[in-house]
Amino acid sequence: MDSMEKLAGAVASAQVDLNPHQVDAALFAFRSPLSKGALLADEVGLGKTIDAGLVFSQKWAERKRRVLIILPSNLGKQ
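For the record, in the sequence shown the residue sitting at position 65 is 488 according to our numbering, with numbers rising by one throughout.
Structure (structure tokens):
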């Protein structure tokens with residue numbers, strides 16, 4: 424199954440309006456070497472939280488329940 428097919432389920436079930444660059448970022452995360460992870464480091468306001476949510480949703484659907492999210496402590500409540 425290619426990256427786009429993997430992401431299709433997460434995109435279809437998204438409850439937000441996605442911008443093309445957000446789908447591209449999620450595809451980047453799936454295409455990263457060995458699919459071990461990715462660093463999402465866009466500018467402020469471009470939707471990194473939505474990007475991460477897409478990846479997380481798809482990994483959860485694939486029953487891959489080990490996800491590590493690293494963020495500054497002041498963003499933990501967002």
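The C-beta atom is built at its ideal place from N, Cα and C for all residues, glycine as well.
Practice item. Would you kindly work out how many angstroms separate the C-alpha atoms of His397 and Phe479, rounded to a whole number? Key: With the chain covering 424 to 501 only, the question about residue 397 has no answer from this structure.
Review point. If we count the other Cβ atoms within 10 Å of its Cβ and call it buried at 16 or more, is Ile393 buried or exposed?
Key: Limits of the chain in this structure are 424 at one end and 501 at the other, which puts residue 393 out of reach.
Check your understanding: What's the C-alpha gap between Lys482 and Ser436?
Key -> Counting from one through the sequence shown, the residue named residue 482 turns up at place 59. Counting from one through the sequence shown, the residue named residue 436 turns up at place 13. In this model, Lys482 and Ser436 are separated by some 13 Å (Cα to Cα).
Review point. If you draw a straight line from the alpha carbon of Leu469 to that of Asp440, how long is it in whole angstroms?
Key: Start at 1 with the first residue of the sequence shown, and residue 469 comes out as number 46. Start at 1 with the first residue of the sequence shown, and residue 440 comes out as number 17. Looking at the backbone, the Cα of Leu469 and that of Asp440 are separated by about 13 Å.
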